[in-house]
Amino acid sequence: MTKVINKSKIAAALVGALAIAGSATAAAQSVSTLQNEEAKIHEADIRSQDKINSLFEQSQELLYEYRGIVDEYEQLKVYNDHVQRLVDDQNAQLASLQRQIDSVEDTKQGVVPLMYKMIDALEQFVKLDIPIHRDTRLARVERLRSIMENSNVTTSEQFRQITEAYQAEMDYGSGLIAYEGKLTFGGENISVDFFHLGRAALLAQSLDMKNGWIFNNDTNEWEVLDDAYLSALTKAIRMARKQTAPDLLKLPIYAAERAE
105 MTKVINKSKI AAALVGALAI AGSATAAAQS VSTLQNEEAK IHEADIRSQD
155 KINSLFEQSQ ELLYEYRGIV DEYEQLKVYN DHVQRLVDDQ NAQLASLQRQ
205 IDSVEDTKQG VVPLMYKMID ALEQFVKLDI PIHRDTRLAR VERLRSIMEN
255 SNVTTSEQFR QITEAYQAEM DYGSGLIAYE GKLTFGGENI SVDFFHLGRA
305 ALLAQSLDMK NGWIFNNDTN EWEVLDDAYL SALTKAIRMA RKQTAPDLLK
355 LPIYAAERAE
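In the working numbering, the protein residues as written are 105 to 364.
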């Protein structure tokens, strides 16, 4: 009986030992599992931290980019405002120019008829004036008429040339002027030196200095000059050409008629 009890105790002890050993093994396995899980969690934490760091860096980069875009936007806004002011000013200038163009067109409508009247008056004046460079002056009048019909010549240029022609006519009325030309007298064309003292006197002398003529303002014809004036006329021609010093001369002059 005692042996049976002892065997039972030994069996129980063996079962207990096996149970303890099983528990220890199970515990060891649990610890290993926990360690593995902890390692996985740690690795996951590391990966998560890496992701967080990466996202933070990306967010910083996006923040810097955003700030750069904001700065660029502010600069562009300032520039666009500046350009808009320029555009507004240009539009204002264009509107002003258009008003000026419209005004010029209105002015041209009044100036063009005036220019034709000026040319007609100039031609009439040349024909009535003493025949100083008459052919040249009449040719100038014809050129003025020609440019008035030329679409390539602006109105301002047309007006400028007409005023220049009037200035040239004014120049004929001052100073001593001598020039060579042809005089038609007695049915002959004679080579002469013309001389005029403004519009007060117009004379001519043959190139051999033996004959002279004077233009009669009243009859509008040439007349033979008295021989007594030939020497003075020769000197006057030389004075006009600056070939001799200025001096007092005695030459005939037809006085203008007085109005009754």
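Note that CB positions come from ideal geometry on N, CA and C, so glycine has one too.
Next item on the list: Using three-state DSSP, classify T348 as helix, strand or coil.
Entry: Residue numbering aside, residue 348 sits at position 244 when the sequence shown is read from its first letter. Residue state, collapsed to three classes: coil.
Margin query: Let me check one thing: in DSSP terms, what residues is L307 bridge-paired to?
Written below: Within the sequence shown, the letter at position 203 stands for residue 307. Answer is F299, I318, bridged to L307.
Note to self: Residues in the same chain with beta-carbon distance under 7 angstroms from I341, minus the five sequence neighbours each way, listed in chain order, please.
What the structure shows: On the sequence shown, position 237 is the one that residue 341 refers to. Scanning its chain for C-beta atoms nearer than 7 angstroms, with the 5 sequence neighbours on each side dropped, one finds around I341 the residues A282, D297, F299, Q309, in chain order.
Checklist line | Where the beta strand (DSSP E) containing A269 begins and where it ends | finding: Stepping through the sequence shown from its first residue, residue 269 is reached at position 165. Unbroken run through A269 is the alpha helix (DSSP H), 259–276; no beta strand (DSSP E).
Next item on the list: Using the Cα positions of N256 and Y220, report the straight-line distance between them to the nearest angstrom.
Entry: Reading the sequence shown from its first residue, position 152 is the one you call residue 256. Reading the sequence shown from its first residue, position 116 is the one you call residue 220. Distance between the alpha carbons of N256 and Y220 is about 18 angstroms.
Next item on the list: Using 10 angstroms around the beta-carbon of G47, count the other beta-carbons present and answer buried if the total reaches 16, otherwise exposed.
Entry: Not covered by the structure: residue 47. The range shown for the chain is 105 to 364.
Notebook entry, point to check: For the segment 262–277 against the segment 306–322, are there 3 or more C-beta pairs whose distance is under 8 angstroms?
Noted result: Counting C-beta pairs closer than 8 angstroms gives fewer than three between the segment 262–277 and the segment 306–322, which falls short of the contact rule.
Check: At what residue ranges does the segment 164–201 contain a whole run of the alpha helix (DSSP H), taking only runs of 4 or more?
Finding: Complete alpha helix (DSSP H) runs here, min 4: none at all.
Notebook entry, point to check: By Cβ distance below 6 angstroms, which residues in the same chain neighbour E284 in space, the five residues on each side in sequence not counted?
Noted result: Start at 1 with the first residue of the sequence shown, and residue 284 comes out as number 180. By the criterion of a C-beta distance shorter than 6 angstroms, E284 is surrounded in its chain by D297, once the five residues flanking it on both sides are discounted.
Next item on the list: Have a look at K231 and N254 and give me their C-alpha separation to the nearest angstrom.
Entry: Here residue 231 refers to the residue found at position 127 of the sequence shown. Here residue 254 refers to the residue found at position 150 of the sequence shown. Taking the Cα positions, K231 is about 25 angstroms away from N254.
Next item on the list: Measure the alpha-carbon distance for Q271 versus L248 and round it to whole angstroms.
Entry: As a first step, residue 271 must be located in the sequence shown, where it is residue number 167. As a first step, residue 248 must be located in the sequence shown, where it is residue number 144. When rounded, the distance between both Cα atoms is 14 angstroms.
Check: Of all the CB atoms in chain C, is at least one closer than 8 angstroms to the CB of I236?
Finding: Protein chains in the displayed structure number just one, and chain C is not present.
Margin query: Taking its Cβ as the centre, do 16 or more other Cβ atoms sit within 10 Å of D351, making it buried, or is it exposed?
Written below: Against the sequence shown, residue 351 aligns to sequence position 247. Residue environment: D351 is assigned as exposed (fewer than 16 neighbouring CB atoms within 10 Å of its CB, all protein chains considered).
Checklist line | Beta-carbon proximity check, I251 vs Q228, cutoff 8 angstroms | finding: Residue 251 sits at position 147 when you count from the first residue of the sequence shown. Residue 228 sits at position 124 when you count from the first residue of the sequence shown. Remark: C-beta atoms of I251 and Q228 do not approach each other more closely than 8 angstroms.
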